[in-house]
Structure formats: structure tokens, C-alpha cells
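All remarks here apply to the structure that follows.
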Amino acid sequence: MAITYHFQKEGFAYKGKRFTTEWLKKVIETEGAVTGDISVVFCSDEYVLETNRQYLNHNYYTDIITFDDCSEKGGKRVVSGDLVISVDTVAENGKEFGGGFDRELKRVIVHGVLHLLGYKDKNEADEKQMRAKEDEYLSLLDSMAEKA
């Protein structure tokens with residue numbers, strides 16, 4: 007069981023994979039689940055658009071597409087799946103929302119993991135809960151960083 011990182015976006019490098027992995031495992035554990043196999047794919051807008059068209063029949067750009075491959079084992083959710091993240095859109099959103107690229111990237115990564123944990127964001131109430139969880143786990147990240 008592992009969290010792996012893949013790079014479709016030419017010239018993009020992600021530092022801090024080990025720390026991010028520790029953080030995501032803590033998020034999953036806090037939610038009462040078990041870490042399975044999670045692939046984080048950093049890619050371009052065009053790659054996300056093509057993936058959206060091919061697998062979801064959606065014709066639009068987005069910051070993340072989450073493919074859920076979770077299962078149950080011993081009464082616990084085993085969190086597995088693929089997170090396909092457009093670093094182009096993350097960069098734009100980081101500027102637009104004022105948090106910067108790194109913070110927005112962490113938000114998007116944990117957003118995908120929250121989807122794998124079963125959280126939804128298709129209506130206003132679910133979206134509010136999702137944002138609260140993102141903030142909670144970004145605070146956990148900050149706390150872990152202070153201790154490191």
C-alpha cells in the first residue's frame with residue numbers, strides 16, 4: 007500500500023513527497039480508514055481535459071479528477087484511487103484565490119483524498135462540509151510542519 011507520484015506535466019517537479027505522504031496517511035487514519043494505493047498524477051490542463059472527455063464524458067477543464075478504487079477490508083474503508091491534478095489550473099486558482107500555488111496544490115490533493123473517503127461536493131451543504139474538512143486538514147498539515 008503506497009502513495010505514488012507521477013509527472014505528465016513536463017518540467018514540473020514536486021518536492022516534499024515524503025511529507026505529503028505522511029500527511030495524507032494521517033488524514034486517512036483520522037477518518038477511520040486505511041491507506042491503500044493512491045496515485046497522484048500531476049499534469050497539464052489539456053491532459054485533464056482529455057481525461058475528462060475520455061472517462062467521464064465531460065468537456066471542460068478542472069483542477070482535479072478523482073478516480074475511486076476504494077474497497078472495504080475488516081470493516082474499514084481501504085482508500086485507493088487516482089488523483090489527476092492539473093498544475094496549470096492549480097496555479098491559476100492559487101493566484102485567483104490568493105493562497106498561492108503550494109497551498110492551492112495541497113488543498114486540491116486533500117480534496118481528492120476526501121472524495122476517496124466518501125465526501126461529496128455536488129450540492130451546497132456537501133460543498134460546505136468539504137471546505138471545512140479541507141481547512142481542518144490543511145491546519146493539520148501546518149501543525150505537522152511546525153513540528154518537523
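Using our numbering, the letters of the sequence shown map in sequence onto residues 7 to 154. Glycine residues also receive a C-beta, built at the ideal position from the N, C-alpha and C atoms. The model shown is predicted, which means the values in this text are computed figures rather than measured ones.
- In this chain, the alpha helix (DSSP H) harbouring L147 covers 130-153.
- Unbroken beta strand (DSSP E) runs of no fewer than 3 residues, entirely contained in the region 47-83, are found at 70-74, 77-79, following chain order.
- Note that the C-beta distance between V116 and F107 is not below 8 Å.
- Here the C-alpha atom of D51 lies approximately 13 Å from the C-alpha atom of F18.
- Between the alpha carbons of K21 and E78 lies a gap of roughly 32 Å.
- Between D69 and G87, the C-beta gap is not smaller than 8 Å, which leaves the two residues out of contact.
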